[in-house]
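Residue 16 in the numbering used here sits at position 1 of the sequence shown; the count goes up by one each step and never skips.
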Amino acid sequence: MSTPLVIVGAGGFARETAQAVRDANASDAAHGRPERWELLGHLDDDPGLHGGKVDGTAVLGGCDLVGELPAAIRAVICVGSPRDYAVRARLARRLGLPGERYATVVHPTAVVSASSTVGPGSVLLAHTVLTAAVRVGAHVAVMPQVVLTHDDVVEDFATVASGVRLGGGVRVRRGAYLGAGALVREGTEVGAWSLIGTGSLVLGDVPQGEVWVGSPARLLRAAGATALAEIAETFEPMGDIAR
């Protein structure tokens with residue numbers, strides 16, 4: 016039986032996730048397997064979208080509607096941008112769903128080794144690679160063409176934008192945002208709710224709550240107010256990443 020799914024959000028990341036779901040179903044059909052997902056639609060707080068369609072998929076109503084849906088329906092939160100990359104964590108708190116209500120969406124072209132784990136609510140888009148003993152927490156967004164190598168840890172609510180490459184043993188702390196094409200040297204740590212700029216080269220540890228850019232990456236400024244506010248949050252994480 017296919018698992019019924021709603022995507023919370025209707026912007027770019029949500030549309031990409033919907034396409035990953037359709038691609039996963041197409042792959043299942045091509046291999047003679049039952050389709051794994053029944054995509055019911057999007058939920059979004061923009062009332063102008065309600066009752067319409069995004070890329071052919073219906074927008075059913077506001078985000079809070081997910082709490083009224085049967086427990087058998089799974090959800091995935093697909094919101095956030097460099098301008099406010101803490102919004103996924105805020106929305107998860109607001110919705111208050113238990114971890115088991117969240118789906119994990121993996122594009123069929125992603126390569127996830129048997130020794131790697133991916134938490135609930137996380138999304139791996141096309142051609143991502145998790146090589147060996149990689150741990151990805153809950154509600155993590157991993158965009159296309161990302162490579163996570165041996166023993167990397169990506170904690171809850173982090174965002175890893177397209178084309179990022181992590182050396183072995185990197186730890187990306189809770190909620191951090193790695194911009195497109197960033198490279199992170201092996202054995203380093205990116206602090207909680209920090210942001211790494213597009214195309215940056217990270218050669219050493221990045222403290223929490225800071226924005227680093229350049230090659231090699233250097234401190235630019237403090238992170239934005241919404242990211243800094245998350246550092247003080249005591250919300251219980253939903254993933255199984257050991258602290």
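Idealized CB from N, CA, C, for every residue including glycine.
| Asked | Found |
| --- | --- |
| Proximity winner among T164, D59 and V161, relative to L106 (alpha-carbon distances) | D59 |
| Range of the contiguous alpha helix (DSSP H) that encloses T203 | No alpha helix (DSSP H) holds T203; DSSP gives it neither H nor E. |
| For F250, three-class secondary structure by DSSP | Note on F250: pLDDT 46, under 50, position unreliable in the model; the coordinate value appears next. In the structure shown, F250 sits in coil (DSSP, three-state: anything other than H, G, I, E or B). |
| Cβ neighbour criterion (16 or more within 10 Å) applied to A238 | buried |
| Inter-residue spacing [alpha-carbon to alpha-carbon] between S143 and L84 | Residue identity differs from the one stated: residue 143 is Thr in this sequence, not Ser. If you take the alpha carbons of T143 and L84, they lie about 31 Å apart. |
| The region 127 to 143 touching the region 152 to 169, judged by at least three CB pairs closer than 8 Å | yes |
| Beta carbon of A191 nearer than 8 Å to that of A173 | yes |
| Coarse secondary structure for A257, derived from DSSP in three states | For A257, the predicted model reports a pLDDT of 41, less than 50, meaning its position is unreliable and no value from the coordinates is stated. |
| Closest Cα partner of L110 within the set G178, D79, G229 and D220 | D79 |
| Run of the alpha helix (DSSP H) containing R30, from where it starts to where it stops | G27 to A45 |
| Integer-rounded CB distance, given that A33 should sit under 8 Å from D70 | 6 Å |
| Cβ contact check for the region 108 to 128 and the region 215 to 232: 3 or more pairs under 8 Å | no |
| beta-carbon A73 near the ligand GTP non-hydrogen atom, thresh 7 Å | Within the structure as shown, the ligand GTP is missing, as the structure has no ligands at all. |
| L106, enclosing beta strand (DSSP E) - first and last residue | That residue, L106, is in no beta strand (DSSP E); its alpha helix (DSSP H) goes V102 to L110. |
| Proximity to R30 [Cα-Cα], best of I92, A45, G63 and L216 | I92 |
| 4 or more residues per run - each alpha helix (DSSP H) lying fully within the region 55 to 89 | none |
| Three-state secondary structure (DSSP) of G114 | helix |
| Between the CA atoms of G66 and G76 - distance to the nearest angstrom | 7 Å |
| Own chain partners of V127 with C-beta closer than 6 Å, once the 5 adjacent residues on each side are dropped | L145 |
| Identity of the residues DSSP links to L218 by a beta bridge | Looking at the DSSP assignment, L218 forms no beta bridge with any residue, so it has no partner. |
| Check whether H165 and A153 have beta carbons under 8 Å apart | no |
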